[in-house]
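Undergrad:
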Amino acid sequence: MRRLDPSFPRRSEMGRPCQVFTRFWVRLGMELRKFNPVMASLTFDPTHVPQRGKARRGATSKPGPVPRPKVAEAATILAGLGLGVCVGLAVTAESWSQLSATGGLAMFLGNLTGLAGSYLALIMVLLISRVPMVERVLGQDKLLALHRRLAPWPISLIIAHALLLTVAYAEVARSGFLHQIRTFLSSYPDMVTATIALVVLVAIAITSIYSVRRRIRRERWWAMHLLMYLALALAFAHEIALGPSFVGHPLTRLVWSLVWAGTAGVVLVYRFALPIYRSLRHRLEVVEVHEEGPDTVSVICRGRHLESLAVSGGQFFEWRFLTRGMWWQAHPFSLSARPRPPFLRLTVKGIGDYSSAVARLQPGTRVMIEGPYGAFTTHARRRPKVVLIAGGVGVTAIRSLLEDLPRDCDPVVIVRASNAEDVILSSEVAELVRHRKGRVHELVGSRSEVRMDRLSELVPDLRHRDVYVAGPEGFVNRVVATVSRLGVPKDSVHFEVYSL
Amino acid sequence: MRRAPAVVVASAAGFAGIVGMHAVGSAPTTLGIASSGPVQPTPTTTVPPSTSSQSATTSPPKSQSSSSGGTGTAVGNSEQYGYGVLSVKVTEQAGRIVDVSVASLQTAEQYSQNLAQQVIPMLKNEVLSAQSARISAISGATYTSEAYAYSVQSALDRLKAK
Numbered sequence: 003m004r005r006l007d008p009s010f011p012r013r014s015e016m017g018r019p020c021q022v023f024t025r026f027w028v029r030l031g032m033e034l035r036k037f038n039p040v041m042a043s044l045t046f047d048p049t050h051v052p053q054r055g056k057a058r059r060g061a062t063s064k065p066g067p068v069p070r071p072k073v074a075e076a077a078t079i080l081a082g083l084g085l086g087v088c089v090g091l092a093v094t095a096e097s098w099s100q101l102s103a104t105g106g107l108a109m110f111l112g113n114l115t116g117l118a119g120s121y122l123a124l125i126m127v128l129l130i131s132r133v134p135m136v137e138r139v140l141g142q143d144k145l146l147a148l149h150r151r152l153a154p155w156p157i158s159l160i161i162a163h164a165l166l167l168t169v170a171y172a173e174v175a176r177s178g179f180l181h182q183i184r185t186f187l188s189s190y191p192d193m194v195t196a197t198i199a200l201v202v203l204v205a206i207a208i209t210s211i212y213s214v215r216r217r218i219r220r221e222r223w224w225a226m227h228l229l230m231y232l233a234l235a236l237a238f239a240h241e242i243a244l245g246p247s248f249v250g251h252p253l254t255r256l257v258w259s260l261v262w263a264g265t266a267g268v269v270l271v272y273r274f275a276l277p278i279y280r281s282l283r284h285r286l287e288v289v290e291v292h293e294e295g296p297d298t299v300s301v302i303c304r305g306r307h308l309e310s311l312a313v314s315g316g317q318f319f320e321w322r323f324l325t326r327g328m329w330w331q332a333h334p335f336s337l338s339a340r341p342r343p344p345f346l347r348l349t350v351k352g353i354g355d356y357s358s359a360v361a362r363l364q365p366g367t368r369v370m371i372e373g374p375y376g377a378f379t380t381h382a383r384r385r386p387k388v389v390l391i392a393g394g395v396g397v398t399a400i401r402s403l404l405e406d407l408p409r410d411c412d413p414v415v416i417v418r419a420s421n422a423e424d425v426i427l428s429s430e431v432a433e434l435v436r437h438r439k440g441r442v443h444e445l446v447g448s449r450s451e452v453r454m455d456r457l458s459e460l461v462p463d464l465r466h467r468d469v470y471v472a473g474p475e476g477f478v479n480r481v482v483a484t485v486s487r488l489g490v491p492k493d494s495v496h497f498e499v500y501s502l
Numbered sequence: 279m280r281r282a283p284a285v286v287v288a289s290a291a292g293f294a295g296i297v298g299m300h301a302v303g304s305a306p307t308t309l310g311i312a313s314s315g316p317v318q319p320t321p322t323t324t325v326p327p328s329t330s331s332q333s334a335t336t337s338p339p340k341s342q343s344s345s346s347g348g349t350g351t352a353v354g355n356s357e358q359y360g361y362g363v364l365s366v367k368v369t370e371q372a373g374r375i376v377d378v379s380v381a382s383l384q385t386a387e388q389y390s391q392n393l394a395q396q397v398i399p400m401l402k403n404e405v406l407s408a409q410s411a412r413i414s415a416i417s418g419a420t421y422t423s424e425a426y427a428y429s430v431q432s433a434l435d436r437l438k439a440k
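Sequences listed follow chains A and B, in order.
All residue numbers for the first sequence refer to the numbering used here, where the first residue is 3 and numbers rise by one.
All residue numbers for the second sequence refer to the numbering used here, where the first residue is 279 and numbers rise by one.
#1: Quick one: what does DSSP say A/Gln317 is sitting in, helix, strand or coil?
#2: Does any residue of chain A bring its CB to less than 9 Å from the CB of B/Ile398?
#3: For A/Gly84, which residues of its own chain have a beta-carbon under 7 Å away from its beta-carbon, when the five flanking residues on both sides are left out?
#4: Note down the Cα distance separating A/Gln142 from A/Arg176, rounded to an integer number of angstroms.
#5: To which residues does DSSP link B/Asp377 through a beta bridge?
#6: Going along chain B, which residues have a C-beta under 9 Å from A/Val73?
#7: Assuming A/Val389 and A/Val461 are in contact, meaning their beta carbons sit under 8 Å apart, how far apart are those beta carbons, in whole angstroms?
#8: Report the residue from A/Gly305, A/His381, A/Ala399 whose alpha carbon sits nearest the alpha carbon of A/Lys351.
#9: Using 10 angstroms around the beta-carbon of B/Ala415, count the other beta-carbons present and answer buried if the total reaches 16, otherwise exposed.
#10: Just checking my contact of A/Pro71 with A/Val139 at CB under 8 Å: how many whole Å lie between their CB atoms?
#11: Shorter than 9 Å from the beta carbon of B/Ser379 to some beta carbon of chain A?
#12: Quick check: the Cα distance between A/Thr197 and A/Leu187, rounded to an integer number of angstroms?
#13: According to DSSP, is A/Glu309 part of a helix, a strand, or is it coil?
#14: What is the residue span of the beta strand (DSSP E) that A/Ser497 lies within?
#15: For the structure I just gave you, are there three or more beta carbon pairs, one from the stretch 424-441 of chain A and one from the stretch 376-385 of chain A, closer than 8 Å?
#16: In chain A, which residues lie with their C-beta within 7 Å of the C-beta of B/Ser417?
#17: So, with DSSP's three-state summary, where would you put A/Thr195?
#18: What is the rounded straight-line gap between the Cα of A/Glu293 and the Cα of A/Arg273?
#19: Is there a Cβ from chain A that is less than 9 Å from the Cβ of B/Thr369?
#20: Excluding the five sequence neighbours on either side, which residues of its own chain have a C-beta within less than 6 Å of the C-beta of A/Val452, listed in chain order?
#21: When we look at the beta-carbon of B/Met299 and count the other beta-carbons within 10 Å, is it buried (16 or more) or exposed?
#22: Rounded to the nearest angstrom, what separates A/Arg418 and A/Ile391 at their Cα positions?
#23: Only counting the same chain, and skipping five residues up and downstream in sequence, which positions put a Cβ closer than 6 Å to that of A/Thr104?
#24: State the DSSP-derived secondary structure class of A/Leu229, mapped to helix, strand or coil.
#25: Which first and last residues belong to the beta strand (DSSP E) in which A/Leu114 is found?
#26: For B/Lys402, name the three-state secondary structure that DSSP assigns.
#27: Is the separation between the beta-carbon of A/Ser281 and that of A/Glu372 shorter than 9 Å?
#28: At 9 Å on the CB atoms, spell out the chain A contacts of B/Arg281, in chain order.
#29: May I have a chain-ordered list of the beta strand (DSSP E) segments no shorter than 3 residues that lie completely inside the stretch 377-460 of chain A?
#30: Taking 8 Å as the limit between beta carbons, can you name the residues of its chain near A/Leu253, skipping five residues before and five after?
#31: Straight-line CA distance for A/Trp329 to B/Ser289?
#32: Does any CB atom of chain B fall closer than 9 Å to the CB of A/Thr94?
#33: Using the beta-carbon count (16 or more within 10 Å), is A/Asn113 buried or exposed?
#34: Which first and last residues belong to the beta strand (DSSP E) in which A/Phe248 is found?
#35: Please look up how many angstroms separate the CB atoms of B/Val405 and B/Ile413, rounded, as I've assumed it's under 8 Å.
#36: Buried or exposed: A/Arg487, going by 16 or more other Cβ atoms within 10 Å of its Cβ?
Now the structure itself:
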């Protein structure tokens, strides 16, 4: 009988009967654990601290690449430059005589809003395309927030574009508004597809309004939102065929087409192809589901070539478990430890249908991943000393961040939970902190009993440390406000919000 | 947003760059340079020659006057519209417009060429019946109609000036 240990034999080395036997053993262990929840994991040894120079199986995987803030800044500046170019294109396609003609002003504004609106739509797509060099610096959560904040602009500009041009052409031809719409659809090239694109855009915009989005199921809303790619593709043809800046200007047309093609390429590669490639290469599957607390489980996955998965502590993946009821959704969960090839671990708190379904995952379930994403890493540090503040399930990101901190760096870890049993991974955190000559404070109790203003007492040199906060949204907001008030500069506060 | 000033500066730079490039490389019928009356040189770089045979060689606008009673012809300005360049020749006799013909037409692509061929006869009828350049545009050929009207107007101005 093979003994189970962290350097688990590879699947190819085990014969089929051995796989069945192992799976039975793990399932038996999981059943037994119902009587004693605090049993250690059968496959994953989370406190194993590798010595230097050990590069074989059992060591941790490659560290994540260092983010370069200048890349993100350069990208932002380029985006601004492009917007100026678009406005310039619209302005230089006009003349005074055209402006003063009937409908001239509406025509000019229609062209301007069309150019600016479609350019900003491209920026929107690029923001969520998960380009690694930018995502590493800003973080997926900030990019999503930017995407949401920018959204009203391209939407209103494009709707204004459609209305203004219809009005302008109707004025010139002295026909009615509706008649002009019919003319557009019948006698101009590519206007039918452009109108379909506009309808899709408006529909997506309406479903994204908060009060409407609340009532739609997340998966349905997501599927609708993806139609935006289709809308953009449909709209491209009419821009090239009808835009006054493009017709008769082959160079401008070429540049515009290249920008569109480039955006499509970036999306195809980083949003779709790279995650698929990673999932196929690493071939993750669940080997064990292991209880950590009352409604929290750790899921341990095994995969191939995990030594080459470059992850920084504190990063997360989007997980897609290929089993009935879960395969069409991808949810973000942090790794709760650095990968120990061939194993990965994530820890999930069971709130909502999906997270409860995670607790019922069967060993052997295939997993697809997208990532690693997140800027909540030690690379964001501005100063050598840190304070790590974890609320509830936020301790997962903190726990994996800890592994990336160097020895003897004296971290202060504050774990906040409502009940004693909600404090998970405490032995691991304690071990890691001890190794780094730091200290852990566990603050357990309800919000009225524990006040976070005590932070300055717990951490006297708070102002000289970088602060990392992870947890539910309300908790993170309160703690960030508190530490800012206590004098920690904004650049030194890093946070990760766990939304439900 | 911390990087906001840099973004604004970059936008302004992009805008200035495009306007600068356009002003350097193209005809004065662009925004910022007054265009009414004075002779316009033919636009050179921005519009490629059309593919069809309808385009005559563009000729610089000129006025001719015939010495016989009351007949005059004038060629209007070359009006650049988004899809091409158009100028017309107006023939007047005894104070009435008797003919409007196309002096030069270059369009950017086939669609505009077809459109112009269809629409120009209709526009000619409009000018002849209105006896002025104040015509209503043909639906579906807004830019072409405007360019036609402006060119007719400048030709009429020239005739009056003679």
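A virtual CB, placed ideally from N, CA and C, is assigned to each residue, including glycine.
All figures in this text were calculated on a predicted structure; none of them were measured in a lab.
TA: Concretely, from the data shown:
#1: Within the first sequence, numbered from 1, the residue matching residue 317 of chain A stands at position 315. Here A/Gln317 sits in coil by DSSP.
#2: Working through the second sequence from its first residue, we reach residue 398 of chain B at position 120. Taking Cβ atoms only, chain A never reaches closer than 9 Å to B/Ile398, which makes this a no.
#3: Working through the first sequence from its first residue, we reach residue 84 of chain A at position 82. For A/Gly84, where only same-chain residues beyond five positions count, the Cβ hits under 7 Å are Tyr121.
#4: For the purposes of this step, residue 142 of chain A is identified with residue 140 of the first sequence, where counting begins at 1. For the purposes of this step, residue 176 of chain A is identified with residue 174 of the first sequence, where counting begins at 1. Going from the Cα of A/Gln142 to the Cα of A/Arg176 covers about 50 Å.
#5: Residue 377 of chain B sits at position 99 when you count from the first residue of the second sequence. BP columns for B/Asp377 point to B/Thr369.
#6: Counted from its first residue, the first sequence places residue 73 of chain A at position 71. Simply none; closest approach about 13 Å.
#7: Locating residue 389 of chain A in the first sequence gives position 387, counting from the first residue. Locating residue 461 of chain A in the first sequence gives position 459, counting from the first residue. That pair is a contact at about 5 Å.
#8: Residue mapping note: residue 351 of chain A aligns to position 349 of the first sequence, counting from 1. For A/Lys351, the nearest C-alpha among the options comes from A/Ala399.
#9: Numbered from its first residue, the second sequence carries residue 415 of chain B at position 137. Looking at its Cβ environment, which holds 16 or more other Cβ atoms inside 10 Å, B/Ala415 is buried.
#10: Working through the first sequence from its first residue, we reach residue 71 of chain A at position 69. Working through the first sequence from its first residue, we reach residue 139 of chain A at position 137. The Cβ separation is near 5 Å, so the contact holds.
#11: Residue mapping note: residue 379 of chain B aligns to position 101 of the second sequence, counting from 1. Output row for B/Ser379: interface = no.
#12: Locating residue 197 of chain A in the first sequence gives position 195, counting from the first residue. Locating residue 187 of chain A in the first sequence gives position 185, counting from the first residue. Using only the alpha carbons, I get a separation of about 8 Å.
#13: The residue labelled residue 309 of chain A in the question sits at position 307 within the first sequence. Reduced to three states, the DSSP call for A/Glu309 is helix.
#14: Numbered from 1 along the first sequence, position 495 holds the residue referred to as residue 497 of chain A. The identity of residue 497 of chain A in the sequence shown is Phe, whereas the question assumes Ser. 495-500 is the extent of the beta strand (DSSP E) around A/Phe497.
#15: no
#16: The count along the second sequence starts at 1 and reaches residue 417 of chain B at position 139. Residues of chain A passing the Cβ test: Ala175, Ser177, Thr185.
#17: The residue labelled residue 195 of chain A in the question sits at position 193 within the first sequence. It is helical.
#18: Within the first sequence, residue 293 of chain A is the residue found at index 291, counting from 1. Within the first sequence, residue 273 of chain A is the residue found at index 271, counting from 1. Approximately 33 Å, taken between the alpha carbons.
#19: Translated into the one-based positions of the second sequence, residue 369 of chain B becomes position 91. It does not; no Cβ of chain A falls within 9 Å.
#20: In the first sequence, residue 452 of chain A corresponds to position 450, counting from 1. For A/Val452, where only same-chain residues beyond five positions count, the Cβ hits under 6 Å are Leu445.
#21: Along the second sequence, one-based indexing puts residue 299 of chain B at 21. Exposed is the call here.
#22: Against the first sequence, residue 418 of chain A aligns to sequence position 416. Against the first sequence, residue 391 of chain A aligns to sequence position 389. A/Arg418 and A/Ile391: Cα-Cα distance of roughly 8 Å.
#23: If you number the first sequence from 1, residue 104 of chain A lands on position 102. Counting only Cβ-Cβ distances below 6 Å, and skipping sequence neighbours, we find Glu173, Val174.
#24: Numbered from its first residue, the first sequence carries residue 229 of chain A at position 227. Three-state result, A/Leu229: helix.
#25: Translated into positions along the first sequence, residue 114 of chain A becomes position 112. That residue, A/Leu114, is in no beta strand (DSSP E); its alpha helix (DSSP H) goes 106-129.
#26: Translated into positions along the second sequence, residue 402 of chain B becomes position 124. If DSSP states are grouped into helix, strand and coil, B/Lys402 belongs with the helices.
#27: Residue mapping note: residue 281 of chain A aligns to position 279 of the first sequence, counting from 1. Residue mapping note: residue 372 of chain A aligns to position 370 of the first sequence, counting from 1. Yes, the Cβ-Cβ distance between A/Ser281 and A/Glu372 is below 9 Å.
#28: As a working note, residue 281 of chain B is residue 3 in the second sequence. Per Cβ cutoff of 9 Å: Ala74, Glu75, Thr78, Ile79, Gly82.
#29: 388-393, 414-419, 441-446
#30: The count along the first sequence starts at 1 and reaches residue 253 of chain A at position 251. Result list for A/Leu253: empty, nothing under 8 Å.
#31: The residue given as residue 329 of chain A occupies position 327 in the first sequence. The residue given as residue 289 of chain B occupies position 11 in the second sequence. So the alpha carbons of these two residues sit roughly 43 Å apart.
#32: As a position in the first sequence, residue 94 of chain A is number 92, starting the count at 1. By this cut-off, A/Thr94 is an interface position.
#33: Translated into the one-based positions of the first sequence, residue 113 of chain A becomes position 111. Looking at its Cβ environment, which holds 16 or more other Cβ atoms inside 10 Å, A/Asn113 is buried.
#34: As a working mapping, residue 248 of chain A is identified with position 246 in the first sequence. From DSSP, A/Phe248 is part of no beta strand (DSSP E); its letter is neither H nor E.
#35: Stepping through the second sequence from its first residue, residue 405 of chain B is reached at position 127. Stepping through the second sequence from its first residue, residue 413 of chain B is reached at position 135. The Cβ separation is near 6 Å, so the contact holds.
#36: Numbered from its first residue, the first sequence carries residue 487 of chain A at position 485. Burial call: exposed.
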